[in-house]
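Residue numbers (full-length UniProt numbering): 1 to 170.
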C-alpha cells in the first residue's frame with residue numbers, strides 16, 4: 001500500500017470515529033470511570049477495527065522502512081488525524097522485544113501528538129512493561145530515536161529526546 005492509499009484509509013477511519021457521539025459523563029456518579037472503561041473501544045463502536053488495524057500496520061511499516069520524507073508524511077498524517085492517532089493502537093498484551101519495538105515506533109510516529117506529556121507517559125509505561133518482561137529497552141530506544149523527529153513542538157524536547165527519556169525508571 002502506498003502512502004496515498006494509507007492516507008485515504010486513515011481518513012476513512014478518522015471520519016468513522018468522528019461520527020461517534022461523545023459519551024455522556026455524569027461526574028457526580030461514583031462509578032463513572034468504571035462505566036467508561038467498560039465501554040467497547042471506539043474502533044469497535046464505529047465498526048472499523050479491521051480497517052484501523054490495517055492502516056496502523058501500514059503506517060508503521062512505512063515509517064520504519066521508509067526514508068525521512070516518508071516518515072515525515074506519516075507524522076503529518078497522524079497530526080492531521082488526531083482521533084485516529086489517539087484511538088487506534090497496538091494490542092496492550094504484547095510480550096516480545098519486537099512488539100515493544102513496534103509500540104515505541106508508534107509513539108515515535110505520533111510525534112508528541114496533541115500533548116507530549118501523554119506520549120511520554122505512554123513511553124515510560126511501555127518501557128517499564130518491557131523491563132518487567134526482561135527486555136533490554138536501551139537498544140530499541142536508541143534505534144527508534146535515530147529515526148524520530150528532531151522538532152520540539154511543545155517545549156518539552158524533540159521526539160528523539162523524549163524517546164531517550166525511556167531510559168529513565170518510573
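By construction, the Cβ of each residue, glycine as well, lies at the ideal position given by its N, Cα and C atoms. Quantities reported herein were computed from a predicted structural model and do not represent experimental measurements.
Quiz item: Can you round the beta-carbon distance between residue 144 and residue 163 to whole angstroms, since I take them to be within the 8 Å contact cut?
Solution: Your pair residue 144 and residue 163 checks out as a contact, with CB atoms roughly 6 Å apart and the cut at 8 Å.
Practice problem: Count the other C-beta atoms from every protein chain shown that fall within 10 angstroms of the C-beta of residue 42, then say buried if there are 16 or more, exposed otherwise. | Solution: By the neighbour-count criterion, in which a residue is buried when 16 or more other Cβ atoms sit within 10 angstroms of its Cβ, residue 42 is buried.
Quiz prompt | residue 131 vs residue 77 beta-carbon contact at 9 Å | solution = No. Outside cutoff.
Quiz item: Do the stretch 72 to 90 and the stretch 103 to 115 touch if we need at least three Cβ pairs shorter than 8 Å?
Solution: Yes, the stretch 72 to 90 touches the stretch 103 to 115.
Quiz item: Going by alpha carbons, who is nearest to residue 13 out of 46, 5 and 96?
Solution: 46
Quiz item: Going straight from the alpha carbon of residue 100 to that of residue 135, what length do you get?
Solution: For residue 100 and residue 135, the distance between alpha carbons rounds to 8 Å.
Quiz item: Under the three-state reduction of DSSP, which class applies to residue 28: helix, strand or coil?
Solution: Here residue 28 carries a coil assignment [DSSP, helix/strand/coil].
Exercise. Could you name each continuous alpha helix (DSSP H) segment of 4 residues or more that falls completely within the stretch 47 to 131, going from the start of the chain to the end?
Key: Entirely contained in the stretch 47 to 131, the alpha helix (DSSP H) runs reaching 4 residues are, in chain order, 49 to 65, 68 to 80, 82 to 87 and 97 to 110.
Quiz item: Between the stretch 48 to 58 and the stretch 12 to 31, do at least 3 Cβ pairs fall closer than 8 Å?
Solution: Touching, yes, given that three or more Cβ pairs across the two stretches are closer than 8 Å.
Quiz prompt | Under 9 Å between C-beta atoms of residue 156 and residue 150 | solution = It is not a contact, given that the beta carbons lie outside the stated cut-off.
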